[in-house]
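If you read the sequence shown in the numbering used here, its first letter stands for residue 1491, the second for the next number, and so on. Even glycine gets a Cβ: it sits at the ideal position worked out from N, Cα and C. The structure under discussion appears below in the form of structure tokens.
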Amino acid sequence: MKESLGTTGLILNEPLLWEKGKSGRCGISLPRHDVDPAPLDKDLTTEGPDLPDLSEVDVVRHYTRLSQWNFGVDSGMYPLGSCTMKYNPKINEKLANLKGFSGAHPLLPAHLSQGVLKLMFELEQFLAEITGMDAVTLQPAAGAHGELTGMMLIHAYHKKKGGHRSKIIVPDTAHGTNPASAALCGYRPVPVRSNEQGILSTGAVAELMDEDTAGIMVTNPNTLGLFEENIKKIAEIVHSKGGLVYCDGANMNAVMGIVSMGEIGVDVLHLNLHKTFSTPHGGGGPGSGPVCVRKHLIPFLPVPRIIEKNGAYALSSEFPESIGKLQAFYGNFGVMIKAYCYIRSMGPVNLRKASQLAVLNANYIKENLKKVFHLPYDRNCMHECVFSDKFQNAYKITTLDMVKRLMDYGFHPPTIYFPLVVSGAMMIEPTETESKETIDLFIDSLKAVANEAKENPDLLRQAPGRCKVTRLDEVSAARHPCLAG
Ligand SMILES: *Cc1c(COP(=O)(O)O)cnc(C)c1O
């Protein structure tokens, strides 16, 4: 095996700034003063904040070293399933930083914000085209916020029809935010089990669907990385009882320009711009979770909406059936610019190719590792694959032990223990942006870990051994957090 990324290198220790500071040290040099010293305001001299005295080089090294303890897509492969940690081209950041965008103020009148409004208007159109839906709102700040928006749209639709429905069907493979969003909107989530192939069967949905059920919330491709093949029939069942189909589109990276969500019966869909459309994410935002709808839900979309008349753009709140406002101003605009740049620079052909490569890469990993790790659903996958720790349990080794050891090989761990339907799940999403060499190194590293599980299980139980910190006591970390650093 080639030398792995994490097996060499310098790990620099770094104290707190307070431990590093030395009284009298200063980060700037000022010329000798040529006026008589005057006393400072007394409050300023006696009650100043407790700041360390540091030189410029102290500060630069401190923060540079801390930044090197971090891991991100810019430092290595980040195969976190369901999160689509693809590489984000730097040109997007550059364009989002153009003065006209970064200096735009949301309170400027429409005639001074034409470029900004045009970009948002066009982005809505692109997203409608990519998903096969009719209209889009860019307001929601993240995927879960999009889900809540979608639930509110479904609620408004039923209310207008004069009916009150109390339940929503949610598969057992769903992301935890799905039942939470449904419940926040006042619906009772009713779980439906996926079948032995890891997808929903029409029978299971038909059994639960009734006229007190507002609809179904389905993730497609689902969180096992499998395409819900029965979606069209399921949509017919739900529609026949007056319900609507919500699709969690967080996994759109597998099907851009390939699946028309509108055509397969989806009424409302959210996207995660910070996953599929290449905006850096992690650490809590900012994100953007646009919601795409079919025609019958357009009147309920949040306000303000961007409208176009004779080439001029404006914001309008003249939509009396709207569910109202969901965000301060119009959403996280910086994220929208990056998604817009990404879509424009890729074009329709390359967006489709990105999805094809993402699917190819995941299947390549699945085929290469399925002898080493138990593969609960041995079928073609979409953009991610899910293994379990069943084989390694024989050596009393768990998924947690293995992914901790993977860090020693220089890779970020995949998503673990999700989805809940697979015990000891390891959910791997390579994305389209990793090269074959990197993916091969990742596969070799996981094979080496599987071998160590057999040959040297104690090593894994103590892993990671080569990282800045070794195995943490997670219970103490939660119960007695040390917030001082
Ligand atoms: C990420 C994700 C969400 C939630 O999106 P956020 O932007 O984190 O709120 C919902 N569903 C699925 C399947 C996801 O992967």
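Quick check on residue i: buried or exposed, where buried means 16 or more other Cβ atoms within 10 Å of its Cβ?
{"i": "Q1604", "result": "exposed"}
{"i": "A1884", "result": "exposed"}
{"i": "F1819", "result": "exposed"}
{"i": "P1711", "result": "buried"}
{"i": "L1734", "result": "buried"}
{"i": "Q1615", "result": "exposed"}
{"i": "Y1830", "result": "buried"}
{"i": "P1539", "result": "exposed"}
{"i": "S1778", "result": "buried"}
{"i": "R1834", "result": "exposed"}
{"i": "E1726", "result": "exposed"}
{"i": "S1557", "result": "exposed"}
{"i": "N1578", "result": "buried"}
{"i": "H1601", "result": "exposed"}
{"i": "E1467", "result": "No answer is possible for residue 1467: it lies beyond the span of the chain, which begins at 1491 and ends at 1975."}
{"i": "C1972", "result": "exposed"}
{"i": "K1815", "result": "exposed"}
{"i": "A1631", "result": "buried"}
{"i": "K1785", "result": "exposed"}
From the beta carbon of residue i, is the nearest beta carbon of chain C less than 7 Å away?
{"i": "R1834", "result": "As a matter of chain content, chain C is missing from the structure shown, which is built from one protein chain."}
Can you give the Cα-Cα distance for residue i and residue j, rounded to whole angstroms?
{"i": "R1795", "j": "L1613", "result": "13 Å"}
{"i": "L1741", "j": "N1668", "result": "Here the sequence assigns Asn to residue 1741, which means Leu is not the residue at that position. Rounded to the nearest angstrom, the two C-alpha atoms are 14 Å apart."}
{"i": "K1880", "j": "L1787", "result": "45 Å"}
{"i": "N1720", "j": "L1910", "result": "22 Å"}
{"i": "S1671", "j": "K1532", "result": "54 Å"}
{"i": "N1582", "j": "T1703", "result": "42 Å"}
{"i": "F1611", "j": "V1839", "result": "22 Å"}
{"i": "H1665", "j": "D1543", "result": "48 Å"}
{"i": "V1959", "j": "M1623", "result": "47 Å"}
{"i": "A1968", "j": "R1961", "result": "14 Å"}
{"i": "P1866", "j": "F1908", "result": "13 Å"}
{"i": "I1929", "j": "K1937", "result": "12 Å"}
{"i": "T1663", "j": "R1683", "result": "8 Å"}
{"i": "E1811", "j": "F1790", "result": "5 Å"}
{"i": "A1634", "j": "T1923", "result": "25 Å"}
{"i": "E1509", "j": "G1517", "result": "16 Å"}
{"i": "L1690", "j": "A1744", "result": "19 Å"}
{"i": "F1717", "j": "L1949", "result": "38 Å"}
{"i": "N1941", "j": "P1569", "result": "21 Å"}
{"i": "S2060", "j": "K1731", "result": "No answer is possible for residue 2060: the residues shown for the chain start at 1491 and end at 1975."}
{"i": "E1798", "j": "V1606", "result": "13 Å"}
{"i": "A1594", "j": "V1549", "result": "32 Å"}
{"i": "F1823", "j": "K1576", "result": "20 Å"}
{"i": "S1519", "j": "P1527", "result": "17 Å"}
{"i": "N1560", "j": "K1580", "result": "19 Å"}
{"i": "P1904", "j": "L1890", "result": "10 Å"}
{"i": "K1651", "j": "V1563", "result": "47 Å"}
{"i": "K1512", "j": "I1827", "result": "44 Å"}
{"i": "P1792", "j": "I1644", "result": "13 Å"}
{"i": "Q1687", "j": "P1681", "result": "17 Å"}
{"i": "G1821", "j": "H1970", "result": "37 Å"}
With a Cβ-Cβ cutoff of 7 Å, do residue i and residue j count as a contact?
{"i": "I1658", "j": "P1679", "result": "yes"}
{"i": "A1943", "j": "I1887", "result": "yes"}
{"i": "G1715", "j": "C1871", "result": "yes"}
{"i": "G1571", "j": "M1892", "result": "no"}
{"i": "G1640", "j": "V1728", "result": "no"}
{"i": "T1766", "j": "T1574", "result": "yes"}
{"i": "A1625", "j": "V1756", "result": "no"}
{"i": "A1646", "j": "I1813", "result": "yes"}
{"i": "V1849", "j": "P1776", "result": "no"}
{"i": "Q1817", "j": "Q1629", "result": "yes"}
{"i": "L1763", "j": "G1739", "result": "no"}
{"i": "R1515", "j": "S1545", "result": "yes"}
{"i": "S1878", "j": "G1914", "result": "yes"}
{"i": "V1982", "j": "V1876", "result": "Residue 1982 lies beyond the range of the chain shown here (1491 to 1975); nothing can be said about it."}
{"i": "M1567", "j": "F1932", "result": "yes"}
How close, in whole Å, do the beta carbons of residue i and residue j come, if the pair is a contact with beta carbons under 8 Å?
{"i": "F1920", "j": "N1851", "result": "For the record, residue 1920 in the displayed sequence is Pro; it is not Phe. That pair is a contact at about 4 Å."}
{"i": "L1841", "j": "L1617", "result": "Not really, about 11 Å apart at Cβ, beyond 8 Å."}
{"i": "H1552", "j": "L1507", "result": "6 Å"}
{"i": "K1723", "j": "I1754", "result": "With 8 Å as the limit, K1723 and I1754 do not qualify as a contact, their Cβ atoms being about 10 Å apart."}
{"i": "L1674", "j": "L1638", "result": "6 Å"}
{"i": "E1619", "j": "R1555", "result": "With a Cβ gap of about 46 Å, E1619 and R1555 do not count as contacting."}
{"i": "S1935", "j": "F1901", "result": "6 Å"}
With a cut-off of 8 Å, do at least 3 Cβ pairs link the region 1895 to 1903 to the region 1854 to 1865? Three or more Cβ pairs closer than 8 Å define a contact, and the region 1895 to 1903 falls short of that threshold against the region 1854 to 1865.
Three or more C-beta pairs under 8 Å: does that hold for the region 1742 to 1759 against the region 1769 to 1778? No contact exists between the region 1742 to 1759 and the region 1769 to 1778.
Count Cβ pairs between the region 1581 to 1596 and the region 1804 to 1815 that sit closer than 8 Å; are there 3 or more? Under the Cβ criterion (8 Å, minimum of three pairs), the region 1581 to 1596 does not count as touching the region 1804 to 1815.
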